[in-house]
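S.K.: Just so you know, we're using full-length UniProt numbering here: the sequence shown kicks off at 1 and counts up by one. One structure is given below, represented as structure tokens, and several questions about it will come after.
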Amino acid sequence: MQKNLVKHLPKIVSIVILVAVVLGYFLIPEMKDFMNEAWSVLSSGDEQKIENWVSSFGWAGPVVLILAMIAQMFLIVIPSVALMVVCILAYGPVWGSLLVLVAVSSASSVGYILGKKLGSGLINNLIGSSTETKLEDFIEDYGFWAIAITRLNPFLSNDAISFVGGILKMNYFKFLAATLAGIAPLTLFIAIMGQSTSGMKSGLLWGSVISLVIFCLYVYWSKKRKKKKS
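Encoded structure:
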């Protein structure tokens, strides 16, 4: 019973939050106004408007985005790439990009620590034993570059690889360096492309395609090198 509960915990928490948000939207006028305003601002594509709205939270704005990036590891309703987009649209290409790097590094560090402290038993209930095994093999085969290339692609399982990096007790500074090496080019690419929400979509699509090509080329080169050595 307890094992099944842990296994489905991310889904359960996500459903509870989703139901609470829906009920709050219809039952609490202040919450409805806030969500309508948030949707109107964030979907506008107006960088200045988004920046002003997030800035209205004062010093808490960046803190909220960093905490949201950490929380999204357990919540399937919040994709990390969406938070990256908000950071850049809200704070511009320079400060927004720096905020993304801090937020992703913080979330990755939390995932790494949880994987290292909790071990394989609990984590595979969160991400699935099959996913964990594949990622373990991937990291063991390609090490630093497994982390970097996974970070580079916005649609790969960034959260799961943080857990597995901790489980395998990969050197933390090597893990963090690989995380930054992967996320920095993606962030830069989105920041350059992201003068509007449509630009963001194009940036994410091209970023995903380019990172996939780089990944395939790296795997081909790595296997070819191993064959030569053997």
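Built from N, CA and C at the ideal position, the CB exists for glycine as well.
(1) Grab the span of the alpha helix (DSSP H) containing Met69 for me, first residue to last.
(2) Using CA atoms only, rank isn't needed, just tell me which of Val63, Tyr112, Lys117 and Gly111 is closest to Val100.
(3) For residue 236 versus Val110, is the C-beta spacing smaller than 8 angstroms?
(4) Have a look at Phe57, Ala68, Gly165 and Leu98 and flag the residue whose alpha-carbon is nearest the alpha-carbon of Leu114.
(5) Just verifying my parser: in three-state terms, what is the DSSP assignment at Gly182?
(6) I need the DSSP call for Ile214, collapsed to helix, strand or coil.
(7) Do Ala178 and Phe144 have their beta-carbon atoms positioned less than 8 angstroms apart in this structure?
(8) Can you give the beta carbon distance from residue 304 to Ala160, rounded, assuming they're within the 8 angstroms contact cut?
(9) For Leu152, which option in Ile190, Lys116, Asn171 and Ile167 has the closest C-alpha, if you only look at C-alpha atoms?
(10) Cutting at 6 angstroms between CB atoms, please list the residues of its own chain near Lys228, excluding the five before and the five after it.
(11) Look at the alpha carbon of Ser40 and the alpha carbon of Asp33, and state the distance between them as a whole number of angstroms.
(12) Beta-carbon within less than 6 angstroms of Ser211's beta-carbon, same chain only, minus the 5 sequence neighbours each way: which residues are those?
(13) Quick check on Cys216: buried or exposed, where buried means 16 or more other Cβ atoms within 10 Å of its Cβ?
(14) Report buried or exposed for Gly58, applying the criterion of at least 16 other Cβ atoms within 10 angstroms of its Cβ.
(15) According to DSSP, is Ser56 part of a helix, a strand, or is it coil?
(16) Helix, strand or coil: which one does DSSP assign to Lys174?
(17) Is the distance from the Cβ of Thr187 to the Cβ of Met73 below 8 angstroms?
(18) Report the rounded CA-to-CA distance for Glu140 versus Leu168, giving the unit in angstroms.
(19) Taking the C-alpha atoms as reference points, what is the distance between Leu18 and Tyr218?
(20) How many whole angstroms separate the CB atoms of Leu65 and Val81, which I take to be in contact at a CB cut-off of 8 angstroms?
M.R.: According to the structure shown:
(1) Ala60 to Ala71
(2) Val63
(3) This structure leaves residue 236 out entirely; the chain is present only between 1 and 230.
(4) Gly165
(5) helix
(6) helix
(7) yes
(8) No answer is possible for residue 304: the residues shown for the chain start at 1 and end at 230.
(9) Ile190
(10) none
(11) 10 angstroms
(12) Leu152 and Asn153
(13) exposed
(14) exposed
(15) coil
(16) helix
(17) no
(18) 9 angstroms
(19) 40 angstroms
(20) That belief does not hold up - the Cβ atoms of Leu65 and Val81 are roughly 13 angstroms apart, past 8 angstroms.
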